[in-house]
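Chemist:
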Amino acid sequence: MDLANFLIQLLNSVQYGLLLFMLAAGLTLIFGIMGVVNLAHGSFYMLGAYLAWSLSTQFGSLTLAIIGGAVLSVIFGLALEWLLFRHFYKRDHLDQVLLTFGLIYIFEELRSILWGDDVHGVTIPDVLGASIPLTENLSYPVYRLFMSGVCIALALGLYLLISKTRLGMKIRAGAFNRDMAESLGINIKLIHAVVFALGVGLAAVAGMIAAPVASVYPNMGSQVLIMCFVVVVIGGIGSVRGALIAALLVGLVDTFGKVLLPSMAGMLVYMLMAAVLLWKPEGLFKQ
Numbered sequence: 033m034d035l036a037n038f039l040i041q042l043l044n045s046v047q048y049g050l051l052l053f054m055l056a057a058g059l060t061l062i063f064g065i066m067g068v069v070n071l072a073h074g075s076f077y078m079l080g081a082y083l084a085w086s087l088s089t090q091f092g093s094l095t096l097a098i099i100g101g102a103v104l105s106v107i108f109g110l111a112l113e114w115l116l117f118r119h120f121y122k123r124d125h126l127d128q129v130l131l132t133f134g135l136i137y138i139f140e141e142l143r144s145i146l147w148g149d150d151v152h153g154v155t156i157p158d159v160l161g162a163s164i165p166l167t168e169n170l171s172y173p174v175y176r177l178f179m180s181g182v183c184i185a186l187a188l189g190l191y192l193l194i195s196k197t198r199l200g201m202k203i204r205a206g207a208f209n210r211d212m213a214e215s216l217g218i219n220i221k222l223i224h225a226v227v228f229a230l231g232v233g234l235a236a237v238a239g240m241i242a243a244p245v246a247s248v249y250p251n252m253g254s255q256v257l258i259m260c261f262v263v264v265v266i267g268g269i270g271s272v273r274g275a276l277i278a279a280l281l282v283g284l285v286d287t288f289g290k291v292l293l294p295s296m297a298g299m300l301v302y303m304l305m306a307a308v309l310l311w312k313p314e315g316l317f318k319q
C-alpha cells in the first residue's frame with residue numbers, strides 16, 4: 033500500500049469512526065443516563081436518511097433538508113419519550129428490550145407506508161461535489177471531509193454541553209444519583225426528555241449526512257445498530273469519551289481490515305471487542 037492509498041484509507045476510517053460516534057453517543061447517553069436499552073436506535077438513523085431524501089427532494093437543498101430534518105427528529109424524540117419511554121425507566125431491561133424491538137417493526141412498516149420499499153439516492157450539493165487530488169490517479173471527495181467536519185463539530189458541541197454548561201451539570205447529576213438530584217430540585221423528567229431527544233437527533237443527523245454516500249434503503253438501521261452496540265461495549269457503557277475512542281478504533285480496524293485482510297474483515301471488529309472485554313470487562317472507560 034503506497035502513501036496515497038494509506039492516506040485515503042486513513043481518512044475513510046476516521047470518517048466512518050466519527051459517524052459511528054454520532055450514533056453510539058446517542059445510544060450510550062440514553063442507556064448511561066436513563067438506563068434504557070434502546071434496540072430501536074438504528075431506526076432513528078434510518079429516519080434521518082429518509083428525511084434527507086424526502087426533504088431535499090422538496091426543498092431542492094440538502095442543507096435545508098438537514099436543518100429541517102434535525103428539528104423534526106428532535107420533536108419526534110420528545111414526543112416518543114413522552115408517549116412511551118418515560119413509562120419504562122423503572123421497568124426491567126427485558127420490558128425495554130421488548131418495547132424497542134417492537135418499535136423496530138412499527139418504524140419499518142411506517143417507512144414502507146410513507147416512502148415505499150425502493151432504494152433512493154440523495155444528491156450531493158454542487159459545492160461539495162468536488163474531489164481533492166492526492167496523486168495523478170487518486171483523489172478524495174470533499175463531501176467525505178464535510179461529513180467528518182460535521183461529526184467533529186457535533187462531538188465538540190456535545191462535550192461542551194455535558195462538561196461546561198448548567199444543563200450538562202444537571203444531566204451528570206441525574207446520571208450519578210437520580211433521587212438526590214430530584215431532592216435538590218432538578219426536574220429529572222425534563223432532563224430525560226432532553227437527553228432522549230438529543231440521542232434521537234444525533235442518530236438522525238448521522239443518517240442525513242450519510243445518505244448521499246450510503247444511499248437510502250429499507251432496514252438500513254438494523255445494519256448500523258449492531259456496530260453501535262459494539263462501540264458502546266468497547267468504550268464503556270455510559271461513557272461519551274469511551275464511545276469516541278472506541279468508534280475511531282472500530283473505524284480503523286474495519287476499514288483497514290477490508291483492505292488488508294478481506295477474508296477476515298467481518299470478524300476483526302468482534303475480535304477487537306473480545307480482546308478489550310478480556311482485558312477490561314467494563315470497557316475502556318467507565319461511566
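In our numbering, the protein residues as written are 33 to 319.
Cβ atoms here follow ideal geometry from the backbone N, Cα and C, with glycine treated the same way.
List the DSSP bridge partners of Pro-313.
Modeler: Translated into the one-based positions of the sequence shown, residue 313 becomes position 281. Per DSSP, none; premise fails for Pro-313.
Chemist: Where Phe-117 and Leu-135 are concerned, what is the direct C-alpha to C-alpha distance, given to the nearest angstrom?
Modeler: Taking the sequence shown and counting its residues from 1, one reaches residue 117 at position 85. Taking the sequence shown and counting its residues from 1, one reaches residue 135 at position 103. Approximately 11 Å, taken between the alpha carbons.
Chemist: Under three-state DSSP, which class holds Ile-62?
Modeler: Against the sequence shown, residue 62 aligns to sequence position 30. Note: Ile-62 maps to helix in three-state DSSP.
Chemist: Tell me the DSSP bridge mates of Ser-171?
Modeler: Your numbering for residue 171 matches position 139 in the sequence shown. Per DSSP, Pro-165.
Chemist: Give the DSSP-derived three-state secondary structure of Val-256 in the structure shown.
Modeler: What you label residue 256 is simply residue 224 of the sequence shown in a count that begins at 1. Val-256 falls in the helix class under three-state DSSP.
Chemist: State the DSSP-derived secondary structure class of Val-154, mapped to helix, strand or coil.
Modeler: To locate residue 154, count along the sequence shown from 1; it is residue 122. Residue state, collapsed to three classes: coil.
Chemist: Flag this pair as touching only if the stretch 205-213 and the stretch 75-83 have three or more C-beta atom pairs under 8 Å; answer yes or no.
Modeler: A contact between stretches requires three or more CB pairs, one per stretch, nearer than 8 Å, and the stretch 205-213 fails this requirement with the stretch 75-83.
Chemist: Which stretch, first to last residue, makes up the alpha helix (DSSP H) that contains Pro-244?
Modeler: Sequence index remark: in the sequence shown, residue 244 carries index 212 (1-based). From DSSP, the alpha helix (DSSP H) with Pro-244 extends over 220-246.
Chemist: Between the C-alpha atoms of Leu-115 and Leu-177, what's the straight-line distance to the nearest angstrom?
Modeler: Position 83 of the sequence shown holds residue 115. Position 145 of the sequence shown holds residue 177. Each residue's Cα considered, the two are about 38 Å apart.
Chemist: Can you tell me whether Val-270 is helix, strand or coil according to DSSP?
Modeler: Residue 270 sits at position 238 when you count from the first residue of the sequence shown. The sequence shown places Gly at residue 270, rather than the Val named in the question. DSSP places Gly-270 in coil when its eight states are reduced to three.
Chemist: Quick one, are the C-beta atoms of Ile-72 and Val-264 less than 8 Å apart?
Modeler: On the sequence shown, position 40 is the one that residue 72 refers to. On the sequence shown, position 232 is the one that residue 264 refers to. Here residue 72 is Ala; the residue named in the question, Ile, does not match the sequence. Going by C-beta atoms, Ala-72 is not nearer than 8 Å to Val-264.
Chemist: Alpha carbon to alpha carbon, how far is Leu-94 from Asn-202? Give it in angstroms, no decimals.
Modeler: As a first step, residue 202 must be located in the sequence shown, where it is residue number 170. As a first step, residue 94 must be located in the sequence shown, where it is residue number 62. At residue 202 the sequence reads Lys, which differs from the Asn that was named. Roughly 35 Å between the two C-alpha positions.
Chemist: Do Leu-316 and Ala-279 have their C-beta atoms closer together than 8 Å?
Modeler: Reading the sequence shown from its first residue, position 284 is the one you call residue 316. Reading the sequence shown from its first residue, position 247 is the one you call residue 279. Cβ atoms of Leu-316 and Ala-279: not closer than 8 Å.
Chemist: Looking only at C-alpha atoms, which of Ile-65, Leu-192, Ile-184, Leu-146 sits nearest to Leu-276?
Modeler: Locating residue 276 in the sequence shown gives position 244, where the first residue counts as 1. Residue Ile-184 is the option with its Cα nearest to Leu-276.
Chemist: How about Glu-140 and Ala-225: are their beta carbons less than 8 Å apart?
Modeler: If you number the sequence shown from 1, residue 140 lands on position 108. If you number the sequence shown from 1, residue 225 lands on position 193. Contact: no.
Chemist: Between the beta-carbon of Ala-97 and the beta-carbon of Leu-87, is there less than 8 Å?
Modeler: The residue given as residue 97 occupies position 65 in the sequence shown. The residue given as residue 87 occupies position 55 in the sequence shown. The answer is yes: Cβ separation under 8 Å.
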